[in-house]
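Per the numbering used here, the sequence shown starts with residue 10, numbered consecutively.
All C-beta atoms in this analysis are idealised placements derived from N, C-alpha and C, irrespective of residue type, glycine included.
Reviewing the structure listed below.
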Amino acid sequence: MISQDVVEWGKPLQQALRETPTPQGTQVLVKVKYCGVCHSDVHIRDGYFDLGGGRKFQMSERGMKPPVTMGHEPYGTVISGGPQAGELPIGEDRLVYPWTGCGQCDRCLDGVDNWCPTPRFIGIQASGGYADHLLVPHARYLLDATGIEPSFAPILACSGLTTYSAARKLMPCKPQDWIVIMGAGGLGLMAVAMLKAMGHERIAVCEIDESKWAAAREMGALETFNPSQDNALSQLQALPGGVWGVMDLVGAQSTATLGIAALRKGGRYVVVGLFGGEIPVSLVTMAQRAISIQGSYVGSLQELREVVALAQTGKLKSIPIATCGMDQISEVLDRLKAGTVLGRVVAQM
Ligand SMILES: [Zn+2]
Ligand SMILES: [Zn+2]
């Protein structure tokens, strides 16, 4: 099998050739057709996440040792299974739920593998989809995405699921309550599409790069703001009825500070983006304004089933998608790091 691997942290990916694995136990072997290229892989390739205050989350200290095959939005054809894999849809295409846990603990048994204390996420701790073959630990992680465009389906596994799970944390609310999305990258556009598909009406987007505003409006955002302007806060506070919710897909000191300050009383701020940093929060005003600050990380298997079902209704609009070859993934990561990708790039194996 061929894969594009991190061989040294911070360096371009390199092609690797190794023997195609034979599935053991309940494992399923998938021939990868597509894999979305996600911005979080930029950080993984770098070998760390910035925790703020000069602290770093080092991949190497969390048991990750190169070579690492990233890629957590895989989609492909089921080709074989281990002796305990049960009946499989051999020859059919499936979307892979990548946020797999140990499979044994209470979280995993409850179906919230994404909260497993010992994650074995596909494309992070376990080998991922920047390869022509992929081992999936169990057939329950395969989802039938029939009816969804095969180049769009893969991005539901991270981009779609992440925004859906974050949107649910801003619910229930009225469709007319303002929800502000921080960032109009691939995830930001997906967030707008997801909220629209869920029936939400009033969506605003904050994005420094004004060339991305048209795409955000195209997806259904009613207002666009430049968060670097001095009066950004007063512009957000002037939205009729105030800001009920903020989904921060950047996760920087500046976006968090702005987002939390913009909330109306009782409002909710959900941070998803992993740009990095930290903020001081006044506990008195947090209590007096009765605001909520919450983190959201990917989503559960059940939530991915709901995202697939939503996409199958045709209500979820596709964000702009470009495809690239497997050998171009590293270059796409460079472009993601530079912020020059519009929508999402999906690698075609
Ligand atoms: Zn991702
Ligand atoms: Zn577990």
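Ends of the beta strand (DSSP E) at Asp257? 252-257
For the alpha helix (DSSP H) holding Met203, just list the boundary residues, first then last. 195-206
Proximity to Leu97 [Cα-Cα], best of Gln185, Ile88, Val105: Ile88
Environment of ligand 1 in chain order, Cβ to heavy atom below 6 Å: Cys47, Ser49, His81, Cys167
Report the residue from Ser136, Gly110, Arg103, Pro107 whose alpha carbon sits nearest the alpha carbon of Gln13. When only C-alpha atoms are compared, the closest one is Ser136.
Figure out for me which residue from Ile217, Leu248, Glu227, Gly251 has the closest Cα to the Cα of Asp239. Ile217
Identified DSSP bridge partners for Leu152: Leu104
Taking the beta strand (DSSP E) that Gly61 falls in, what are its first and last residues? 57-61
For ligand 2, residues whose Cβ lies under 7 Å from any non-hydrogen atom: Gly110, Cys111, Gly112, Gln113, Cys114, Arg116, Cys117, Asp122, Cys125, Pro126, Thr127
Would you list the residues sitting across from Leu272 in a DSSP beta bridge? Val252
Can you look up His52 in the DSSP assignment and give me helix, strand or coil? helix
Here's a check: name, in chain order, each residue in its chain whose Cβ is nearer than 8 Å to the Cβ of Gly348, leaving out the five neighbours to either side. Closer than 8 Å at Cβ, skipping near neighbours: Gly194, Asp218.
Would you tell me roughly how many angstroms separate the C-alpha atoms of Asp122 and Leu310, rounded to the nearest one? Asp122 and Leu310: Cα-Cα distance of roughly 7 Å.
With a cut-off of 7 Å, does the C-beta of Met358 fall near any C-beta of chain E? This model lacks chain E altogether, as it is built from one protein chain only.
Below 6 Å CB to CB, which residues in the same chain sit around His147 once its five sequence neighbours on both sides are set aside? Thr35
Could you please give me the residues that DSSP links to Ser301 through a beta bridge? Arg277
In three-state DSSP terms, what is Cys111? coil
Does DSSP classify Gln67 as helix, strand or coil? Taken through DSSP and simplified to helix, strand or coil, Gln67 comes out as strand.
State the beta-bridge partners of Gly334 as determined by DSSP. Gln357
Backbone secondary structure at Lys346 - three-state DSSP: helix
For Cys44 and Gln337, what's the separation of their Cα atoms in angstroms? 12 Å
Since Arg211 and Gln185 should fall inside the 8 Å C-beta cutoff, what is the C-beta to C-beta distance between them, to a whole number of angstroms? 5 Å
Determine contact between the stretch 306-326 and the stretch 199-207, defined as no fewer than three beta-carbon pairs at a distance below 8 Å. yes
When you compare only the Cα positions, how much space is there between Gly192 and Gln93? 44 Å
What are the boundary residues of the beta strand (DSSP E) that Gly85 is part of? Counting along the chain, Gly85 sits inside the beta strand (DSSP E) bounded by residues 83-90.
Helix, strand or coil for Ser12, going by three-state DSSP, please let me know. Assignment of Ser12 by DSSP, reduced to helix, strand and coil, places it in the strand class.
Those residues which DSSP pairs with Phe234 across a bridge: Cys215
Quick one: what's got a C-beta closer than 7 Å to Leu245's C-beta in the same chain, skipping five residues either side? Val189, Phe234, Val252, Ala271
Is DSSP giving Val293 helix, strand or coil here? In the structure shown, Val293 sits in a helix (DSSP, three-state: H, G or I).
By Cβ distance below 6 Å, which residues in the same chain neighbour Gly280 in space, the five residues on each side in sequence not counted? A quick correction: the sequence has Val, not Gly, at residue 280. Taken in chain order, the residues that qualify are Asp257, Gly260, Gly304.
Within a Cβ cutoff of 7 Å, which residues of the same chain sit near Val41, ignoring the five residues on either side of it in sequence? Pro83, Gly85, Gly138, Ala140, Asp141, His142, Leu143, Met358
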